[in-house]
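Presented below is the structure to which this report refers.
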Amino acid sequence: MKRSIITRVFLCTLVATGVVACGGGGSDATSSTASGRTVVGTITGFGSIIMDNGVEYETDGISSCDVDDQDQDIGEACDDSLFEGMHITLKIDANGMVKSLKYDDELEGVASKVTGTGGDYTFEIYGVEITTTSLDTRWDDFSANPPTNIELEGANVEVSGEWRDGALVASYVEKQNDNSHEVKGTVGVITGTHFPLTLRNGSSIDVDASALSPLPAEGDFVELKGSYDAATDIFTATDFEVDDEDDFDDDSEAEITGTLILNTSSSTYYIGNTEVDISAAPSCIDQIGFMVEAEGRFDQDTSVLVVRKCEIEDEDEDEDEDEDNSVT
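Position 325 (the sequence shown) corresponds to 1355 in the working numbering; numbering is contiguous.
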């Protein structure tokens, strides 16, 4: 069920300079950078928007709200389109105010091969393995929360989350009331109006693009909309757009929260969808496999976030708790 943004908030924000600003229920998120910054993470609460770095971001001055490729009216329409668990990108101005918000799901299709119970599930969409947990995944528009595996099997769902080692770890799963499907990947060699689409996990599906005009270009990372036939493993595309493979669309000071992963086959590091260079932040090496907050600058030319600093996401909270417990 959709909720307005009314929940009480807390905040303790790390700004781009590394200065900590804390408060509760208000908007103390600030930045000394002249051009603002980009913040990527998962919604954990509302009133304005609380992200998984524990920061509340004020949205009173927001001028653009893009949810599932739909421009939402600023105000209640935008608020009612957002849910806990959604993986989003915020553009923050120099005063710490949100200027734009973008949400786009990772996959939309029919869940199959469901295993598990009580919200701890593994299932597939287009051959991509998706995992959910009873603690960290938010469910929407199912008859129960979490749904039973019987209801999940065969349901057309929208999934948001982060990629880890070729699997999609879902933070948000919404049951759809239509048969529309969406998939993202890289366009392969085009033969006539058909091409293979390589998905983020390295697998591929065949695409019938005869309804598209013009066709995407080989090598483009695209989001396709249409329908999928599991029996033939063919996705029939009715619309497409060239998309960003990462969560950033321009050079910017950047903050991202997610699991730091080493891709052993390419010897590259990732947080969520974004490749990161941690050579200037050697302490990050000890945080592989952990949920981290990383700060740095995103380079659009290389599509790499050059990290200045990263720390385990709840490290500050744990330290504060230890200090509180030590007071006698």
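Glycine included, every Cβ here is placed at the ideal spot set by N, Cα and C.
Legend entry - Reduced DSSP secondary structure (H/G/I, E/B, other) of Ser1313: helix
Inset, instruction - Check whether the region 1143-1151 touches the region 1225-1237, counting contact only when three or more Cβ pairs, one atom from each stretch, lie closer than 8 Å. - result: Because the criterion of three Cβ pairs below 8 Å is not met, the region 1143-1151 and the region 1225-1237 do not touch.
Inset, instruction - Report the option in Asp1307, Thr1068, Asp1280 whose CA atom is closest to the CA atom of Met1127. - result: Thr1068
Inset, instruction - Find out if the Cβ-Cβ distance for the pair Thr1333, Glu1285 is shorter than 8 Å. - result: First, the residue type needs correcting, since residue 1333 is Ser and not Thr in the sequence shown. Going by C-beta atoms, Ser1333 is not nearer than 8 Å to Glu1285.
Inset, instruction - Assuming Thr1074 contacts Met1081 (C-beta within less than 8 Å), just tell me the rounded distance between them. - result: 6 Å
Inset, instruction - Answer yes or no: the CB of Glu1183 versus the heavy atoms of the ligand PLP, is any distance below 7 Å? - result: Because no ligand of any kind appears in the structure shown, any question about the ligand PLP cannot be addressed here.
Inset, instruction - Would you kindly report the start and end of the unbroken beta strand (DSSP E) that includes Ala1267? - result: 1264-1272
Inset, instruction - Kindly identify the DSSP beta-bridge partner or partners of Ser1190. - result: Tyr1202
Legend entry - Whether Asp1135 touches Glu1188 by CB criterion (8 Å): yes
Inset, instruction - Count the CB pairs spanning the region 1165-1182 and the region 1217-1224 that are closer than 8 Å, and state whether there are at least three. - result: no
Inset, instruction - Would you mind sorting Ala1174 into buried or exposed? The rule is 16 or more other CB atoms within 10 Å of its CB. - result: exposed
Legend entry - Thr1262 and Glu1343 closer than 8 Å at C-beta: no
Inset, instruction - Please report the Cβ distance between Val1070 and Asp1329, rounded to the nearest whole angstrom; I am assuming they are in contact, meaning their Cβ atoms lie under 8 Å. - result: 15 Å between Cβ atoms; not a contact.
Legend entry - Enclosing beta strand (DSSP E) for Ile1180 [first to last residue]: Taken as a continuous stretch (DSSP letters only), Ile1180 belongs to no beta strand (DSSP E), being part of the alpha helix (DSSP H) at 1179-1182.
Inset, instruction - Within its chain, find whatever has a CB closer than 6 Å to the CB of Gly1066; leave out the 5 residues flanking it on each side and keep chain order. - result: Ile1122, Asp1123, Ala1124
Legend entry - For Ala1260, three-class secondary structure by DSSP: Correct three-state label for Ala1260: coil.
Inset, instruction - Please work out which residues of its chain come closer than 7 Å, Cβ to Cβ, to Asp1280, disregarding the five sequence neighbours upstream and downstream, and give them in chain order. - result: Gln1330
Inset, instruction - Express the C-alpha separation of Gly1302 and Ala1107 in angstroms, rounding to a whole number. - result: 28 Å
Inset, instruction - Look at the alpha carbon of Glu1305 and the alpha carbon of Leu1165, and state the distance between them as a whole number of angstroms. - result: 27 Å
Legend entry - Rounded straight-line distance, which links the Cα of Tyr1133 to that of Asn1098: Looking at the sequence shown, residue 1098 is not Asn but Asp. Straight-line Cα distance between these residues: approximately 6 Å.
Inset, instruction - Sort out for me which residues DSSP pairs Glu1323 with in a bridge. - result: Thr1287, Glu1341
Legend entry - Nearest-angstrom Cα separation, counted from Glu1114 out to Arg1327: 27 Å
Legend entry - Nearest-angstrom Cα separation, counted from His1211 out to Ser1234: 16 Å
Legend entry - Terminal residues of the alpha helix (DSSP H) in which Ile1106 lies: Per the sequence shown, the amino acid found at residue 1106 is Glu instead of Ile. Start and end: 1106-1109.
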